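*Asks:* In my numbering, the protein residues as written are 52 to 217.
The beta-carbon is built from N, C-alpha and C at its ideal position, and this holds for glycine as well.
Every value quoted in this text rests on a predicted model; they were computed, and no experiment measured them.
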Amino acid sequence: MTNTKKTAYCAMLTALSLIFGYIEALLPFSVGIPGIKLGLANLVVVIGLYFMPAGCVFTVLILKVTLSSFLFGNLSMLIYSMAGGILSFFVMLALKKAKGFSMPGVSMAGGAAHNMGQLAVASLAVESTAVLYYLPVLIAAGAVTGAVIGAVAYRVRRLLWKMDID
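#1: Identify, in the order they occur along the chain, each residue of the same chain with its Cβ nearer than 6 Å to the Cβ of S139, setting aside the five sequence neighbours on each side.
#2: Out of curiosity, what's the CA-to-CA distance linking L129 and I200?
#3: Under a three-way DSSP split, which group does P155 fall into?
#4: Determine, using beta-carbon pairs with one atom in the segment 117-129 and one in the segment 152-160, whether at least three such pairs fall under 8 Å.
#5: Return the CA-CA distance between I190 and T55, expressed in angstroms with no decimal places.
#6: Going by CA-CA distance only, name the one from A173, S132, I84 and N93 that's closest to L64.
#7: Please list, in chain order, all residues of the same chain as K147 whose beta carbon is under 6 Å from its beta carbon, the five residues on each side excluded.
#8: Alpha helix (DSSP H) containing Y101: first to last residue?
#9: On a Cα-Cα basis, can you pick out the residue from W212, L210 and A202 that is closest to V38?
#10: With 16 as the cutoff for other CB atoms within 10 Å, does L175 come out buried or exposed?
#11: Please confirm whether G218 and L112 have their CB atoms less than 9 Å apart.
#12: Using the rule of at least 16 other Cβ atoms within 10 Å of the residue's Cβ for burial, across every protein chain shown, is T196 buried or exposed?
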């Protein structure tokens, strides 16, 4: 893949992640527990891990979190999302490279890791480990939403391979 093509794909993935983030911000998805969301924009990161170099996908992640926070959130959203996103990215990258994990499995682990990263920052911010009691709920929610995102990513990836976009 040429550098021009990589740049174009990275720009496209960044734009798609922002669109998905905006759509998710418009959806009235709530399970009554703060911090739980579907994570539609993470669909782009999961798919990107399977057809783009890791550095490009990491750049997309950083741009997605930064731009989404400025467009749809605030500074605290930036801090929490960045911590969760970076931890999630490296967990998913490690599991993908380890082989033996399906795309939904990689995404499930990423969803759980994202919530763990956010709770770690929350614990530091409030200077208390009391927020960690929330960890089992958020890990379960991250695994469930990660499985949904991973299943969708798997289907989309199969369509992309049929189109032979590499």
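*Replies:* Well, looking at it:
#1: G161, A164 and H165
#2: 21 Å
#3: In the structure shown, P155 sits in a helix (DSSP, three-state: H, G or I).
#4: The segment 117-129 is not in contact with the segment 152-160.
#5: Taking the CA atoms as reference points, I190 sits about 38 Å from T55.
#6: It is N93.
#7: L100 and V157
#8: That residue, Y101, is in no alpha helix (DSSP H); it is neither H nor E in DSSP.
#9: Lying outside 52 to 217, the shown extent of the chain, residue 38 is not represented and no answer is given.
#10: exposed
#11: Only positions 52 to 217 of the chain appear in this structure, which leaves residue 218 out of reach.
#12: Classification of T196: buried, given that the 10 Å Cβ count is 16 or more.
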